[in-house]
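Q:
Protein chains in written order, with our numbering: chain A, 6 to 146; chain B, 247 to 427.
#1: May I have the straight-line CA-CA distance separating residue 357(B) from residue 346(B), to the nearest angstrom?
#2: Consult DSSP for residue 364(B) and reduce its assignment to one of helix, strand or coil.
#3: Find the residues of chain A that neighbour residue 318(B), judging by a C-beta separation of less than 8 Å, and give them in chain order.
#4: Would you mind telling me which residues of chain B sit closer than 9 Å to residue 60(A), beta carbon to beta carbon, in chain order?
#5: Whole angstroms is fine: what's the gap from residue 263(B)'s alpha carbon to residue 300(B)'s?
#6: Could you tell me the distance, in whole angstroms, from the CA atom of residue 364(B) to the CA atom of residue 399(B)?
#7: Specify, as a first and last residue, the run of the alpha helix (DSSP H) that residue 33(A) falls within.
#8: What does the alpha-carbon distance come out to for the pair residue 99(A) and residue 31(A)?
#9: Which residues in chain A sit within 9 Å of residue 294(B), going by Cβ to Cβ distance?
#10: For residue 326(B), which residues in chain A fall below 7 Å Cβ to Cβ?
#11: Quickly, what does DSSP pair residue 129(A) with across the bridge? List them, please.
#12: Judging by CA-CA distance, which residue of 134(A), 144(A), 27(A) and 25(A) is the nearest neighbour of residue 1(A)?
#13: Spell out a yes or no on whether the segment 365-379 of chain B and the segment 330-344 of chain B are touching, meaning 3 or more CB-CB pairs, one atom from each, closer than 8 Å.
#14: Check each candidate in 267(B), 271(B), 421(B) and 277(B) and name the one with the smallest Cα separation from residue 414(B).
#15: Near residue 132(A), which residues of its chain fall below 7 Å by C-beta distance, leaving aside the five closest residues on each side in sequence?
#16: Is DSSP giving residue 83(A) helix, strand or coil here?
#17: Relative to the alpha-carbon of residue 308(B), which residue among 315(B), 392(B), 272(B) and 342(B) has its alpha-carbon at the smallest distance?
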């Protein structure tokens, strides 16, 4: 076999293996871990909720799928589904707030957060139902 | 005295009106697709639901973007190719418990119900009827159901390359815990 052809064959095999590995990596890729991610927007819940209330369409275009870091008082902490913790951040007396879902937290006590305290949460915005919703959340402070 | 009685009646009636509605914003809806190729599970823990105990009307609302998958790629395909979340961000169900008289909201226990209504997914509305359970607890009402939907009924197109990876019938699981409003 001519060295050129042999080298080409080796190259094809290497490319095939690399391509396959990249494919496998992409296929198995988990949701992004936001604990080290940089936020696209940093604001308090009052600002975020009022932007959605004023113009849902433009706020949706601006925030959905973006990493949003919000600060506000916790009005409710609830475990839902199997292992998801939902923390509601809402100003007192307000109908709408921000609901933050933390995947894989079955026990809120282990996180050491308490209702009434103010926290900062980073998550990916999925839009607004009755509240603005964030998923994949992590606690910033 | 008269005012006191009136006041009591007023407070009591206000209480019963309040107690007739149950609501959560932290409900769960999941779906599951099983094929020999792979299992795909999507979980949404940000479901809003309201049940009116006096009429049996029940409403569910969910954002498609709030569904979580084990793999990031599944989430991407789900949102971009299948349910087209940008065009159709919300899914809703509006229906009624058809055998409301079988449920005693004043007595704790599990009641079998049938729910009929309109399910909106991907901009397409279909009438569905499904068995479910209503559980009256000390803290409110739990509602559970499991039913099947076909993607094609909601004009969700599955490309032929992955046709074998996605079940013809998707199992939908509903589990909400609604305190009184």
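Beta carbons: idealized from backbone N, C-alpha and C, even for Gly.
Computed from a predicted model, the values in this text were never measured in an experiment.
A: Answer, in terms of the structure:
#1: Translated into positions along the second chain, residue 357(B) becomes position 111. Translated into positions along the second chain, residue 346(B) becomes position 100. The alpha-carbon atoms of residue 357(B) and residue 346(B) are separated by roughly 10 Å.
#2: Locating residue 364(B) in the second chain gives position 118, counting from the first residue. Residue state, collapsed to three classes: strand.
#3: Counted from its first residue, the second chain places residue 318(B) at position 72. What residue 318(B) touches in chain A: 34, 35, 36 and 37.
#4: Residue numbering aside, residue 60(A) sits at position 55 when the first chain is read from its first letter. The contacting residues do not exist; residue 60(A) stays about 15 Å from chain B at best.
#5: The count along the second chain starts at 1 and reaches residue 263(B) at position 17. The count along the second chain starts at 1 and reaches residue 300(B) at position 54. Note that residue 263(B) has pLDDT 46, beneath the 50 cutoff, so the model's placement of it is unreliable and no number is given.
#6: For the purposes of this step, residue 364(B) is taken as residue 118 along the second chain, with counting starting at 1. For the purposes of this step, residue 399(B) is taken as residue 153 along the second chain, with counting starting at 1. Taking the straight line joining both Cα atoms gives about 13 Å.
#7: On the first chain, residue 33(A) is found 28 positions in, with the first residue counted as 1. Residue 33(A) -> alpha helix (DSSP H) spans 8-33.
#8: For this step, residue 99(A) is matched to residue 94 along the first chain. For this step, residue 31(A) is matched to residue 26 along the first chain. Approximately 42 Å, taken between the alpha carbons.
#9: Numbered from its first residue, the second chain carries residue 294(B) at position 48. Under the 9 Å cutoff, chain A gives 134, 135 and 136.
#10: For this step, residue 326(B) is matched to residue 80 along the second chain. None at all; the shortest Cβ gap to chain A is about 11 Å.
#11: One-based indexing of the first chain puts residue 129(A) at position 124. Residue 129(A) is bridged to 72(A) and 140(A).
#12: Only positions 6 to 146 of chain A appear in this structure, which leaves residue 1(A) out of reach.
#13: yes
#14: Residue 414(B) sits at position 168 when you count from the first residue of the second chain. Per the Cα distances, 277(B).
#15: As a position in the first chain, residue 132(A) is number 127, starting the count at 1. Counting only Cβ-Cβ distances below 7 Å, and skipping sequence neighbours, we find 65, 69 and 138.
#16: What you label residue 83(A) is simply residue 78 of the first chain in a count that begins at 1. Three-state DSSP puts residue 83(A) in a strand.
#17: Locating residue 308(B) in the second chain gives position 62, counting from the first residue. Checked all of 315(B), 392(B), 272(B) and 342(B); the closest Cα to residue 308(B) is 272(B).
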